[in-house]
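Presented below is the structure to which this report refers.
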Amino acid sequence: MSAKKVRRHIRRLQRDRRRARRRGSASTPQPAVPATPDADTTPDADTTRDAGSTPDAGGRRRGGGRAGAVPAVLAVLAVVAVAGGSIARDTTDAAPGTRPVDAPLFPTAAADTPFVCPPMPGRPETLSSDGRVSYQQRDDSASSVLHGLVLAVDDAGSFPEVRRALLAEDGRRDAETVVEGSDAPAEGASAPALADRETTVVTEEDPRRAALLEIGPGPGGAPIAASAMLEYSASSGPVSGVAAARCAVPQRDQFFLGPETGSQATSLLTLANPAEREASVEVAVHDADGPRPGAGTRTVVVPGDSLRTVNLAGLAEDGAIGVSVESSGAPVAAQLTSSAAAGSVGAGVEFLPGRAVAAGEHRMPAVPLPDSDGGGTLWVHVPGEDEATVEVQVFGEDGLEPLEGSSVFSVDGGAVRAIDLAGVPAGAHDVVVRTSEPTHAAVRTVSGDQSGGDDGEDAGASGLDFAWQAGAERLRAGSGTLLPAAGEASVHLLAEEQATTATYRLMDGDGSFGEPRDVEIPAEGSVALDSEDLRLSGQDGGGEQAAAIVFADPGAPVVGALRVSGEDGLSMTGLEPLGDPHQAVRVRLRD
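Here UniProt numbering is used: the first residue of the sequence shown is 1, the next is one more, and so on.
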């Protein structure tokens, strides 16, 4: 069903409701519900659906013998375009006032799904007014690698088409088809859990521009399951440290906290547009007083199949700042790479976490906080106009840790504020932030000489580096992450009020998954899967580090984060779905 037909269907529902009211009817006419696919042929079908029930137009489960009014769809809140203009999967928890709607109710045109990685970090040699950048010679120790993972849509090994390329200012380079793709899923095939499917693994050594992994539509309209990650490390030079980032799908709106500022900092915002049509992107800096007008705002035109770069040094002043990115025309994949240095000696690098949706609660498991003032800082941005009350809790091994300053404070609407998390002992801490208004929040921490607890955790990071952790998304069936090839990886899981068991499976470098493993998570507590837990079983009980981890549904609210540490530094990122079987558009429902 096209977008035009969807709007026509909504208008018809509205007309029917108005007519029913005029007739004095006590109920709203029931809209026709398209037939839903059989659970055995729908990838990762919801096995908790009651027998004989079907989803109604509001996304609710409705038994066959149940009667009642169905809320009318009054307005579509957001339809996020991906690549060719289709409605994108919503892989975040539903925003307040919205409810997931099963994708079969609102069919959309098939389109490619591009995963765009940030360019290899570096200092700009030149940067033109229209965003064309050339980099200085990088240090010999600097290296990067792209990891990509694409899973079959069913147990018969049916794959979408898979392509890779590099996006540069003048278009795509080195385009290559990795998998030709299946025309249709095999007859009688079903869609088991992700870890029971065949996989395609993609790697690219030292991509200097933005690496692009493009996934075609799933055979037969099946939802795809894929992920990509870029990892970077350098032991010397002005851009030294460790950074890891999941490659992003283009979006309309994104927000970033915390780019480094000052004369020795480099903060480059890359805007990648893998679509054919151009994008007009407004980049705005926000500080303690809200959005900075004039010099703090820039509009960039990004032609199709290309990228442009914005140096934030020309937009931002020293202090706590955030960056909003709003795109019209085509959506863009925005990536913000930030680094600091003291002369020719690097002081850290990170791919800053971008967020599209503000939330009232942020959970960040196992953030390593150093025992020094200013080493750990909570940054908060309030995107609305109303003031937000913020409560921060920091939990250690012995429970809640008191902060030197107040744990409850306010942030003005539109403003960005940074709060030192001083007073807690060194080590890994779970950070929980609750706000009275939807906010963006993240914690900045440092590693190296300024961090490391008595137990030696993170002490191996001899080089000074900084890292960021934003609120993690709740785990669901198919959540997970690719794991880096270099450095030591650990996965940290944080439960809410209910204890639970998380089941996970590890993937080797060839794309084969091992047997399920379980880990117990206490209520309101966290556990760590360290480097030994993430090793594949070998004949001697050891084994190499896994290439990916995938979780089953934990059965209770749990969030997870990946930490990458090594001699060159530290990086953190959240766990997210590798494939979301519950495709949805955001709609507002009113009884």
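Heads up, the beta-carbon is just placed ideally off N, CA and C, and yes, glycines get one too. These numbers come from a predicted model, not from an experiment.
Distance CB(residue 143)-CB(residue 233) smaller than 8 Å:
yes
Bridge partners - residue 228, DSSP secondary structure assignment:
148
Can at least three beta-carbon pairs, one atom from the stretch 469 to 480 and one from the stretch 568 to 580, be found at a separation below 8 Å?
Here the stretch 469 to 480 makes contact with the stretch 568 to 580; the two share three or more CB pairs at distances below 8 Å.
Can you name, in chain order, every residue of its own chain whose Cβ lies under 7 Å from the Cβ of residue 371, other than the five neighbours on each side?
425, 426
With DSSP collapsed to three states, give me the class of residue 219.
helix
Is it true that the CB of residue 345 sits closer than 8 Å to the CB of residue 390?
no
Is residue 167 helix, strand or coil by DSSP?
strand
Buried or exposed (CB count within 10 angstroms, at least 16 for buried), residue 263:
exposed
How long is the line joining the alpha carbons of residue 95 and residue 547, rounded to whole angstroms?
Because the pLDDT at residue 95 is just 46, under 50, the model does not fix this residue reliably, and the value given afterwards should be weighed accordingly. One alpha carbon belongs to residue 95, the other to residue 547, and they sit about 32 Å apart.
Rounded straight-line distance, which links the Cα of residue 152 to that of residue 120
29 Å
With DSSP run on the structure shown, which of helix, strand or coil describes residue 195?
helix
Please specify which runs of the beta strand (DSSP E), each continuous and at least 3 residues long, are wholly inside the stretch 441 to 516, giving them in chain order.
DSSP runs (the beta strand (DSSP E)) wholly in the stretch 441 to 516: 465 to 470, 479 to 482, 488 to 495, 500 to 507.
Should residue 416 and residue 379 be called a contact, given that it needs their Cβ atoms to be closer than 8 Å?
yes
Please work out which residues of its chain come closer than 6 Å, Cβ to Cβ, to residue 556, disregarding the five sequence neighbours upstream and downstream, and give them in chain order.
498, 500
Per DSSP, residue 417 is paired with what?
Per DSSP, 380.
Is it the case that the Cβ atoms of residue 122 and residue 239 are separated by a distance below 8 Å?
yes
Range of the contiguous beta strand (DSSP E) that encloses residue 401:
According to the DSSP assignment, residue 401 belongs to the beta strand (DSSP E) that extends over 399 to 401.
Are three or more beta carbon pairs between the stretch 353 to 364 and the stretch 131 to 143 nearer than 8 Å?
no
Proximity to residue 179 [Cα-Cα], best of 202, 319, 566:
202
Within the same chain, show all residues whose beta-carbon is closer than 7 Å to that of residue 300, passing over the 5 residues directly before and after it, in chain order.
Cβ contact annotation for residue 300 (same chain, cutoff 7 Å, sequence separation greater than five): 131, 271, 281, 283, 308, 310, in chain order.
Run through DSSP, which three-state label would residue 295 get?
helix
Is it right to say residue 318 is buried, meaning 16 or more other beta carbons lie within 10 angstroms of its own, or is it exposed?
A residue is called buried once 16 or more other Cβ atoms fall within 10 Å of its Cβ, and residue 318, having fewer, is exposed.
Are residue 133 and residue 243 closer than 8 Å when you measure CB to CB?
no
Need the endpoints of the beta strand (DSSP E) that residue 368 sits in, please.
359 to 369
For residue 396, which residues does DSSP report across the bridge?
399
Taking its Cβ as the centre, do 16 or more other Cβ atoms sit within 10 Å of residue 400, making it buried, or is it exposed?
exposed
Residue from 176, 368, 261, 116 whose Cα sits closest to the Cα of residue 228
116
Do you know offhand how far residue 286's Cα is from residue 337's?
17 Å
Per DSSP, what kind of secondary structure is residue 212 in: helix, strand or coil?
strand
Residue 293 and residue 167 look like a contact to me (Cβ under 8 Å); what is the Cβ gap, rounded to whole Å?
Between residue 167 and residue 293 the Cβ distance is about 31 Å, and since that is not below 8 Å, they are no contact.
What first and last residue would you give for the beta strand (DSSP E) that runs through residue 137?
For residue 137, there is no enclosing beta strand (DSSP E), as DSSP gives it neither H nor E.
Return the CA-CA distance between residue 304 and residue 241, expressed in angstroms with no decimal places.
32 Å
Per DSSP, cross-strand counterpart(s) of residue 309:
270
Within its chain, find whatever has a CB closer than 7 Å to the CB of residue 18; leave out the 5 residues flanking it on each side and keep chain order.
In this prediction, residue 18 has a pLDDT of 49, which is less than 50 and means its spatial position is unreliable; what the coordinates show is noted afterwards. Same-chain partners within the cutoff: there are none.
Rounded C-alpha distance that separates residue 353 from residue 290
20 Å
Using a Cβ-Cβ cut-off of 8 Å (strictly less than) and excluding sequence neighbours within five positions of residue 198, which residues of its own chain qualify?
Only 151, 152, 157, 159, 511 meet the Cβ criterion.
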